[in-house]
Each structure stands twice: as structure tokens, then as C-alpha cells.
Amino acid sequence: MTLLISTQSIHKSYGAIPLFSDISFSIFAQERLGLIGPNGSGKSTLLKILMGLEASDSGKITQNSAAKLVYLPQEDSFSSEDTLQQILFGALSDVLEPAELQYRIWEVTGEALFPDLAQHVKALSGGWRKRLSLVQALLQEPDLLLMDEPTNHLDLEGILWLEALLKKKPFGFILVSHDRYFLENTVNTVMELNKVYPEGYFKTSGNYSHFLEKRDLFIEGQIRKEQSLSNQMRREQEWLQRMPKARSTKAQYRIDKATQLKSDLQKIKASNAQTKKAGIDFEATHRKTRALLETQHLSMTRNGRVLIKDLSLILSPGTCLGLMGKNGSGKSTLMSLLAGTLSPDAGSVERADHLRMVLFDQKREQLNQKETLMRALSPTGDHVFYKGSSVHVASWAKRFLFTNNQLQQPVSSLSGGEQARVLIANLMLQPADILLLDEPTNDLDIPTLEVLEDSLSEFSGAIVLITHDRYLLDRLSDRLLYLDGNGKTEFFADYAQWQHAISATPARAEITISESISTKEKPPNKNLTKTTQNTQRELNRLHSKIQKAEAELELLEQQLQQEDMVSYPERLMAICSQIENKRNDIEQLYQQWAELDSNSR
3 MTLLISTQSI HKSYGAIPLF SDISFSIFAQ ERLGLIGPNG SGKSTLLKIL
53 MGLEASDSGK ITQNSAAKLV YLPQEDSFSS EDTLQQILFG ALSDVLEPAE
103 LQYRIWEVTG EALFPDLAQH VKALSGGWRK RLSLVQALLQ EPDLLLMDEP
153 TNHLDLEGIL WLEALLKKKP FGFILVSHDR YFLENTVNTV MELNKVYPEG
203 YFKTSGNYSH FLEKRDLFIE GQIRKEQSLS NQMRREQEWL QRMPKARSTK
253 AQYRIDKATQ LKSDLQKIKA SNAQTKKAGI DFEATHRKTR ALLETQHLSM
303 TRNGRVLIKD LSLILSPGTC LGLMGKNGSG KSTLMSLLAG TLSPDAGSVE
353 RADHLRMVLF DQKREQLNQK ETLMRALSPT GDHVFYKGSS VHVASWAKRF
403 LFTNNQLQQP VSSLSGGEQA RVLIANLMLQ PADILLLDEP TNDLDIPTLE
453 VLEDSLSEFS GAIVLITHDR YLLDRLSDRL LYLDGNGKTE FFADYAQWQH
503 AISATPARAE ITISESISTK EKPPNKNLTK TTQNTQRELN RLHSKIQKAE
553 AELELLEQQL QQEDMVSYPE RLMAICSQIE NKRNDIEQLY QQWAELDSNS
603 R
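So for the sequence shown, the numbering used here puts the first residue at 3; every next one is plus one.
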């Protein structure tokens with residue numbers, strides 16, 4: 003396999019702070035590397051070093067002279083007055099004839115679905131500017147494409163478009179991303195930059211799921227190694243305490259060995275200690291009301307466009323509603339309607355008495371960029387009050403992985419991920435019945451995302467969640483609400499069901515999955531007040547699984563009834579087998595429902 007680029011023992015520091023050291027790895031043709039790591043670990047810097055935009059402090063980089071590298075930064079530098087055609091022609095006008103270039107642009111932009119190449123950049127949304135950046139890079143036909151957060155600004159449809167595009171292109175790439183589903187679906191190698199590893203990084207072949215398995219095994223091994231070294235050190239210390247005064251050569255050797263053992267133990271303790279993650283724990287009011295918020299026939303028009311029409315929904319404790327749709331489809335508008343900061347054109351929003359709602363704003367307008375981190379975390383003094391206790395602001399900052407040296411820095415100097423952690427810290431100080439979270443995952447690294455997920459899964463109130471992070475959406479949501487941007491809204495049980503629905507063709511079924519769900523009788527929901535919040539959440543998840551399974555069964559049965567099915571005996575037998583398996587699955591789900599409902603009484 004052709005080698006594209008390799009590094010040997012490269013090191014990079016900013017001032018006295020090392021980003022990474024002694025990094026050695028190689029990238030081969032058609033290798034697709036996902037580069038991950040905590041914020042500040044040096045991922046973006048490493049891409050720039052590979053591209054030659056920055057120099058490493060030491061080490062060596064070898065590049066195949068015949069290989070073409072193209073770099074896609076997080077943010078573009080387009081002139082707002084340029085047209086799309088000017089930008090795309092500018093990428094290759096010096097190497098291709100106009101006719102060939104026009105065909106190349108048409109070929110690639112056809113995949114990007116640009117509506118008009120004559121429009122100016124200033125008319126594009128953030129998502130379409132990102133598509134333009136991607137197309138500009140693809141036009142150059144790279145052997146190795148270096149992408150820094152390529153899914154930033156893309157809506158869900160844009161991310162799916164990019165996934166499909168990358169899967170069918172023949173080049174290799176390195177991409178930095180915190181989107182775990184995107185990593186799962188696009189890469190064949192994963193490398194994490196993290197000082198928790200002895201070499202400063204951990205690299206495995208395979209997809210993201212395989213990486214997680216290997217990483218967990220490695221960390222478990224490191225913990226066992228620390229325990230083993232601790233036991234050995236304890237025995238050596240006991241020996242040193244009773245060692246004879248006459249030091250033989252053998253005794254001196256053992257003393258030297260104990261000294262080395264102590265050094266090894268300190269190193270692995272320091273390494274294992276760096277697995278610490280932000281301490282996120284949202285506080286709920288534990289209200290027992292069945293319906294916290296209910297909308298009836300809600301409708302809303304913005305700028306002459308119907309975004310929401312005749313929407314009715316209920317938010318209950320222990321549930322999570324995920325909102326999906328393209329950028330501009332009305333998700334944030336619906337969030338504002340629920341929060342009460344916007345009034346509907348028609349319909350009503352009824353809220354429980356003294357309802358407490360907390361909003362996470364994706365624009366981060368709640369943060370004063372001129373304030374210090376200390377004032378942003380604690381506006382009124384040196385302490386915050388959390389769950390009835392007073393906590394010093396330095397300890398509170400440390401919980402979110404900030405150092406004492408950062409407390410006097412302005413908020414404007416913090417990274418996007420650090421600013422997101424400040425907002426989350428402020429949310430935690432406000433007991434809530436409902437959390438309204440508008441893109442809370444933007445700029446968060448994967449370790450912080452995992453902690454955020456765990457905390458939200460234990461939140462006993464209701465959650466409304468807007469995110470392009472499909473992993474988070476799938477794990478937390480009991481229901482998904484899709485907004486098409488033209489007033490239509492549809493509920494889905496989970497992300498997989500939504501995917502199936504958008505890919506289903508009318509010829510195969512007269513009704514969509516979502517329509518079949520609406521006609522199904524829901525499992526009995528008895529004695530809700532006697533269940534714990536965790537039990538209720540599990541009942542909700544089982545409810546969604548039952549809905550999904552019954553919808554899939556109905557579609558299979560419809561396929562079985564098609565007139566031409568008798569002409570395909572093998573397919574007929576396969577569908578009959580699937581129907582039988584699906585019925586067994588549904589029966590098991592109902593048994594789980596009955597057992598859980600019975601135990602909760």
C-alpha cells in the first residue's frame with residue numbers, strides 16, 4: 003500500500019505547555035483516519051503541521067512527493083462578494099481548461115445540490131458555506147484530505163450527504179471530529195491524542211466502536227498495572243525498612259530497582275489521573291406532576307413562511323423529546339415557543355403552576371465575553387450555591403476542568419468547548435422541571451459529551467433537545483419530532499425509524515412508519531405515580547421499541563400482501579420468516595413491559 007505521509011517523533015509546545023511529544027505514525031493510500039482527543043490536545047495543530055502550515059518543534063515529517071494534500075480548516079476565508087462559480091473556478095483555473103473545469107464543477111456540485119452557482123457567498127447559510135468549502139476541496143482531487151471538524155454548521159441532512167460522499171470517494175483522509183456516528187460511518191482507523199497514554203496517543207485499525215473496545219481494554223490494563231506496581235512498591239518499602247546496615251552489591255541493586263519502581267509508579271498514577279472528566283450533574287425539582295407542559299394545535303409563521311402547523315404534544319417527567327430538521331426548519335423557534343419567549347400565531351401552550359424551565363442557548367448570548375471566567379461562573383461573589391451547599395468558585399471551576407490561572411481570563415479568550423462548559427456550569431445551579439437544550443454539544447470534546455449524556459440520562463425532569471449529534475439524540479430521546487420547515491411535523495420512535503421512513507418508497511407501502519404508529523393502541527400506562535423516574539424512563543423506552551417493532555411488522559405484512567409476491571417464492575419465504583421473528587420480538591417486549599410495570603407497583 004502506498005505511503006502518503008509519516009511522522010517520526012514530532013513534538014509541539016506552546017510556551018512551556020507541551021501539546022504532544024514523540025508522535026510517530028503513518029498514513030497510507032485510502033486510509034481514513036479519525037483523529038480525536040480532548041479539547042486542547044493538539045488535533046488542529048497536528049493537521050496544520052502535516053499540511054506544512056505550522057512547524058513542529060522537533061521530529062521529522064516525510065511526505066510522498068507524488069501525493070496531493072488538501073486542507074479543509076474549521077472556518078472558511080471566502081470573500082462575501084464572490085460568487086460560488088468564482089470560488090470554484092479559482093480552485094483549478096490554472097490547471098484545467100474551462101470546459102473540463104465546468105464539467106468537474108457540475109459533477110461535484112451536483113452531489114452538493116447547490117441551487118445557483120451565480121449567487122454570492124454572503125447569501126449562503128453556515129451550512130451551505132461548509133458545503134462550498136468541501137466541494138472546493140474535492141475539486142482538487144486530493145490523495146489525502148485533511149479535514150478539521152467538517153460537520154460543523156451542517157444540519158443532519160448535510161452530515162448524511164457528507165457521509166455518503168466520503169464513502170464513495172477513493173482518496174484517503176484524516177478528519178478531526180467529535181461526532182461519534184460520523185466517525186463510526188466513515189473511518190477505518192482511529193487515533194486519540196491524549197496524555198493518558200504512555201506514548202501520548204492511542205491508534206487502532208477499525209471503526210469507532212472497535213476503537214472504544216480496544217481503548218477500554220488498554221485503560222483497564224493500565225489500572226491493573228498501577229495496582230501491581232503499588233503492591234510491589236509496598237513490598238520494597240517494607241524490605242528497605244528492615245534492610246541490614248551492611249549494604250552488599252545485591253542490596254544496592256535492589257535499592258536502585260526500588261527507586262526505578264517508584265518512578266514508574268508515579269508516572270502511571272499521573273497518566274491514569276488524567277482520565278478525569280468534567281463533573282456535570284443537573285439538578286431537578288423532582289416535581290410529581292404528570293404533564294409539565296402541553297401544547298394544543300400550535301402554529302407559527304416566520305417571515306411569511308409556515309414553520310409549525312397544528313402541533314400538539316405533552317412533556318412529562320422522565321422523558322426526552324428530540325427535535326430534528328434542516329437548518330431553518332423551526333427547531334429553535336419551537337424551543338422559544340415552549341420557553342414562552344415567543345408567542346404562537348395560533349394554539350396554546352399550557353404550563354404547570356410555578357414551572358421552572360432552563361434554556362441552553364446555542365448562540366451563547368447568555369455569556370458576557372468581557373467578563374472574567376470567575377465572574378461568569380460566580381457573578382455575585384467567591385462562592386456558588388449548589389444543591390444547598392456553598393462551593394468556592396475555584397473548586398467549582400475545577401469541577402469543569404478549569405485551572406486557577408484561568409479564573410481571571412476573559413470569557414472571550416476561552417475556546418468554544420470551554421465556553422460551553424461555562425454555560426453548563428451555570429445551568430447546573432438552577433433547579434429545573436424542564437431543560438431546553440439548543441445545540442449543547444457544539445465544540446464539546448468526546449469525554450465531556452459522554453459525561454453530559456450520563457448526567458442527562460439521570461435527569462428526572464423533562465428534556466427538549468436540539469442536536470446534530472445523532473449518538474446523543476438516539477441515546478436520550480424517547481421520541482423524535484421532525485420539522486420539515488413547511489409546517490409539517492412528524493413523530494418518530496428513534497433515529498433508525500426516521501432513517502427508514504425517509505428512505506421508504508411509496509411503491510412498497512401505502513403508509514409511512516410514522517402514520518402506522520399513530521393508529522396503534524399504546525401499551526397500558528398504569529400506576530405512573532408509583533414508578534421511580536428511572537423506571538418511568540425505561541417504560542417510555544419500551545413503549546418506543548414496541549411502537550417501532552409494530553410499525554415494522556405492519557410494513558412487512560403489507561409487503562406480503564402485494565400481488566406479485568407469489569412470483570418470488572424465495573422472497574416470500576424470507577418475509578414470512580421476518581414476520582415470525584418480528585412477532586416474537588414484540589411478544590418479548592410486551593413481557594418486559596408487563597414485568598417492569600408489575601415490579602414498579
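Yeah, the Cβ is synthetic: ideal placement off N, Cα and C, and Gly gets one too. Note that the structure is a prediction, hence the values are computed from the model and not measured.
Contact belief for Leu-90 with Val-137 at Cβ below 8 Å, rounded distance in angstroms: Reading the sequence shown from its first residue, position 88 is the one you call residue 90. Reading the sequence shown from its first residue, position 135 is the one you call residue 137. With 8 Å as the limit, Leu-90 and Val-137 qualify as a contact, their Cβ atoms being about 7 Å apart.
Cβ pair Leu-74, Gln-65 closer than 9 Å: Within the sequence shown, numbered from 1, the residue matching residue 74 stands at position 72. Within the sequence shown, numbered from 1, the residue matching residue 65 stands at position 63. In this structure, Gln-65 does not lie closer than 9 Å to Leu-74 by Cβ.
Whole-angstrom C-beta distance between Leu-357 and Leu-294, which should lie under 8 Å: Mapped onto the sequence shown, residue 294 falls at position 292. Mapped onto the sequence shown, residue 357 falls at position 355. With 8 Å as the limit, Leu-294 and Leu-357 qualify as a contact, their Cβ atoms being about 6 Å apart.
Chain-order list of residues whose beta-carbon lies under 8 Å from that of Leu-55 (same chain, five-residue window excluded): Within the sequence shown, residue 55 is the residue found at index 53, counting from 1. Cβ neighbours of Leu-55 beyond the five flanking positions: Tyr-73.
For Pro-449, the first and last residue of its enclosing alpha helix (DSSP H): Within the sequence shown, residue 449 is the residue found at index 447, counting from 1. Note, Pro-449: alpha helix (DSSP H), 448–459.
Residue environment, Val-360, which counts as buried when at least 16 other CB atoms sit within 10 Å: The residue labelled residue 360 in the question sits at position 358 within the sequence shown. It counts as buried.
Residues sharing a beta bridge with Glu-296, DSSP: To locate residue 296, count along the sequence shown from 1; it is residue 294. DSSP lists Ile-316 and Glu-352 as partners of Glu-296.
Cutoff 8 Å; reference Arg-585; Cβ partners in own chain excluding five residues on either side: Numbered from its first residue, the sequence shown carries residue 585 at position 583. Same-chain partners within the cutoff: Leu-555.
Where Phe-494 sits in the DSSP three-state scheme: Reading the sequence shown from its first residue, position 492 is the one you call residue 494. The answer is strand: DSSP assigns Phe-494 an E or B state.
Cutoff 8 Å; reference Ile-548; Cβ partners in own chain excluding five residues on either side: The residue you call residue 548 lines up with position 546 of the sequence shown. The residues are Pro-525, Ile-588, Leu-591, Tyr-592 and Trp-595.
Where Phe-27 sits in the DSSP three-state scheme: Residue mapping note: residue 27 aligns to position 25 of the sequence shown, counting from 1. Strand.
Residue burial classification, Ile-515 (beta-carbon count within 10 angstroms, cutoff 16): What you label residue 515 is simply residue 513 of the sequence shown in a count that begins at 1. Residue placement at Ile-515 is flagged as unreliable, the pLDDT there being 30, under the threshold of 50; the coordinate-derived value follows with that caveat. Under this definition Ile-515 is a buried residue.
Sheet register partners of Cys-322 (DSSP bridge): For this step, residue 322 is matched to residue 320 along the sequence shown. Ile-465.
Local Cβ density within 10 Å of Pro-449, reported as buried at 16 or more and exposed below that: The sequence position of residue 449 within the sequence shown is 447, counting from 1. It is buried - the Cβ of Pro-449 has at least 16 other Cβ atoms within 10 Å.
Rounded separation between Val-466 and Gln-121 - CA only: On the sequence shown, residue 466 is found 464 positions in, with the first residue counted as 1. On the sequence shown, residue 121 is found 119 positions in, with the first residue counted as 1. Roughly 36 Å separates the two Cα atoms.
Residues sharing a beta bridge with Phe-173, DSSP: Walking along the sequence shown from the start, residue 173 turns up at place 171. Note: Phe-173 sits in no beta bridge, so no partner.
Collapsed DSSP secondary structure at Gly-160 in the structure displayed: Residue mapping note: residue 160 aligns to position 158 of the sequence shown, counting from 1. Reduced to three states, the DSSP call for Gly-160 is helix.
Reduced DSSP secondary structure (H/G/I, E/B, other) of Lys-311: If you number the sequence shown from 1, residue 311 lands on position 309. Correct three-state label for Lys-311: strand.
Whole-angstrom C-beta distance between Leu-52 and Ser-63, which should lie under 8 Å: Here residue 63 is taken as the residue at index 61 of the sequence shown, counted from 1. Here residue 52 is taken as the residue at index 50 of the sequence shown, counted from 1. The question names Ser, but residue 63 in the sequence shown is Ile. Indeed they touch by this definition, with Cβ atoms about 7 Å apart.
Pairwise C-alpha distance: Ile-426 and Leu-437: What you label residue 437 is simply residue 435 of the sequence shown in a count that begins at 1. What you label residue 426 is simply residue 424 of the sequence shown in a count that begins at 1. Looking at the two C-alpha atoms, the distance is approximately 11 Å.
Residue closest to Leu-483, alpha-carbon to alpha-carbon, out of Ala-348, Lys-328, Ser-457 and Asp-355: What you label residue 483 is simply residue 481 of the sequence shown in a count that begins at 1. Residue Lys-328 is the option with its Cα nearest to Leu-483.
Contacts around Lys-550, its chain only, beta-carbon distance under 7 Å, and the 5 residues preceding and following it disregarded: As a first step, residue 550 must be located in the sequence shown, where it is residue number 548. For Lys-550, where only same-chain residues beyond five positions count, the Cβ hits under 7 Å are Ala-495, Asp-496 and Gln-499.
Per-residue DSSP class, three states only, for Phe-116: If you number the sequence shown from 1, residue 116 lands on position 114. Residue state, collapsed to three classes: coil.
Environment of Gly-44 [buried if 16+ CB atoms lie within 10 Å]: The count along the sequence shown starts at 1 and reaches residue 44 at position 42. With 16 or more other Cβ atoms within 10 Å, it is buried.
Presumed contact (8 Å Cβ cut-off) between Ala-464 and Ser-301, rounded CB distance: The residue you call residue 464 lines up with position 462 of the sequence shown. The residue you call residue 301 lines up with position 299 of the sequence shown. Contact annotation, Ala-464 with Ser-301: C-beta distance approximately 22 Å; criterion of less than 8 Å not satisfied.
CB of Ile-468 within 9 Å of CB of Lys-333, strictly: Numbered from 1 along the sequence shown, position 466 holds the residue referred to as residue 468. Numbered from 1 along the sequence shown, position 331 holds the residue referred to as residue 333. Yes. Within cutoff.
Reduced DSSP secondary structure (H/G/I, E/B, other) of Thr-9: Position 7 of the sequence shown, counted from the start, is the residue given in the question as residue 9. The answer is strand: DSSP assigns Thr-9 an E or B state.
Span of the beta strand (DSSP E) around Leu-146: On the sequence shown, residue 146 is found 144 positions in, with the first residue counted as 1. Run containing Leu-146: 146–150, per the beta strand (DSSP E) assignment.
Those residues which DSSP pairs with Phe-362 across a bridge: Within the sequence shown, the letter at position 360 stands for residue 362. Looking at the DSSP assignment, Phe-362 forms a beta bridge with Leu-439.
For Gln-371 and Asn-154, the rounded distance between their alpha carbons: Locating residue 154 in the sequence shown gives position 152, counting from the first residue. Locating residue 371 in the sequence shown gives position 369, counting from the first residue. Spanning the two alpha carbons is a distance of roughly 22 Å.
Alpha carbon of Val-110 to alpha carbon of Ser-179, nearest angstrom: For the purposes of this step, residue 110 is identified with residue 108 of the sequence shown, where counting begins at 1. For the purposes of this step, residue 179 is identified with residue 177 of the sequence shown, where counting begins at 1. Computed Cα separation, rounded: 23 Å.
Bounding residues of the beta strand (DSSP E) (the contiguous stretch that carries Tyr-388): The count along the sequence shown starts at 1 and reaches residue 388 at position 386. Tyr-388 -> beta strand (DSSP E) spans 385–388.
Check whether Val-198 and Asn-209 have beta carbons under 9 Å apart: In the sequence shown, counting from the first residue as 1, residue 198 sits at position 196. In the sequence shown, counting from the first residue as 1, residue 209 sits at position 207. No.
N- and C-terminal bounds of the beta strand (DSSP E) containing Glu-194: Position 192 of the sequence shown, counted from the first residue, corresponds to residue 194. Per DSSP, Glu-194 belongs to the beta strand (DSSP E) from 191–195.
Per-residue burial, Glu-523 [other beta carbons within 10 Å of its own, 16 or more giving buried]: Within the sequence shown, numbered from 1, the residue matching residue 523 stands at position 521. Its pLDDT being 37, under 50, Glu-523 is placed unreliably in this model, and the value from its coordinates should be taken loosely. Counting Cβ neighbours within 10 Å, Glu-523 comes out exposed, since fewer than 16 surround it.
Residue nearest to Gln-76 in terms of C-alpha spacing, selected from Gln-501, Leu-21, Lys-132 and Gly-61: Sequence index remark: in the sequence shown, residue 76 carries index 74 (1-based). The option with the nearest alpha carbon to Gln-76 is Lys-132.
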